[in-house]
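*Asks:* Before we start, here is the structure in question, set down as structure tokens.
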Amino acid sequence: MKLAGGMDAAGVASEGEEEKPWKCCDLTICARSFPPTCRCADVVKQCADGCKSCMGVPFGHICNDWYTGDPAQGATNGN
Numbered sequence: 001m002k003l004a005g006g007m008d009a010a011g012v013a014s015e016g017e018e019e020k021p022w023k024c025c026d027l028t029i030c031a032r033s034f035p036p037t038c039r040c041a042d043v044v045k046q047c048a049d050g051c052k053s054c055m056g057v058p059f060g061h062i063c064n065d066w067y068t069g070d071p072a073q074g075a076t077n078g079n
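Just so we're aligned: 2 in UniProt numbering is position 2 of the sequence shown, and the numbers increase by one with no gaps anywhere.
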């Protein structure tokens with residue numbers, strides 16, 4: 001299923017966009033730019049394989065990669 005911004009339902013880039021370093025995100029931090037530049041501040045047990053800058057924090061890890069494009073779908077929506 002295609003979503004806005006050329007992304008598919010799994011959060012994987014399509015049609016020439018780069019792949020996001022995360023599959024879904026509840027706490028997205030975006031710069032005010034067009035297209036937006038975003039990172040995901042969700043604390044997870046383990047960063048996704050696509051994450052280049054995985055940072056250890058209390059209670060888990062945060063992927064500190066920035067992505068240019070539409071942010072991912074929320075994780076707690078069942079997406």
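Positions of the beta carbon are idealized from the N, C-alpha and C atoms, including for glycine.
For residue 58 and residue 68, what's the separation of their Cα atoms in angstroms?
*Replies:* Start at 1 with the first residue of the sequence shown, and residue 58 comes out as number 58. Start at 1 with the first residue of the sequence shown, and residue 68 comes out as number 68. Approximately 27 Å, taken between the alpha carbons.
*Asks:* Need the endpoints of the beta strand (DSSP E) that residue 60 sits in, please.
*Replies:* Start at 1 with the first residue of the sequence shown, and residue 60 comes out as number 60. 60-63 is the span of the beta strand (DSSP E), which, as asked, contains residue 60.
*Asks:* Tell me which residues share the same chain as residue 61 and place their Cβ nearer than 8 Å to its Cβ, disregarding the 5 neighbours each side in the sequence.
*Replies:* On the sequence shown, residue 61 is found 61 positions in, with the first residue counted as 1. Here the set comprises 43, 44, 45, 46, 47, 54, 55.
*Asks:* Please state the DSSP three-state secondary structure of residue 44.
*Replies:* Counting from one through the sequence shown, the residue named residue 44 turns up at place 44. DSSP places residue 44 in strand when its eight states are reduced to three.
*Asks:* Going along the chain, which residues of its own chain have a beta-carbon closer than 6 Å to the beta-carbon of residue 65, five neighbours each way excluded?
*Replies:* Your numbering for residue 65 matches position 65 in the sequence shown. Taken in chain order, the residues that qualify are 21, 51, 52, 53.
*Asks:* Does DSSP put residue 76 in a helix, a strand or coil?
*Replies:* Here residue 76 refers to the residue found at position 76 when the sequence shown is read from its first residue. Residue 76: coil per DSSP, three-state reduction.
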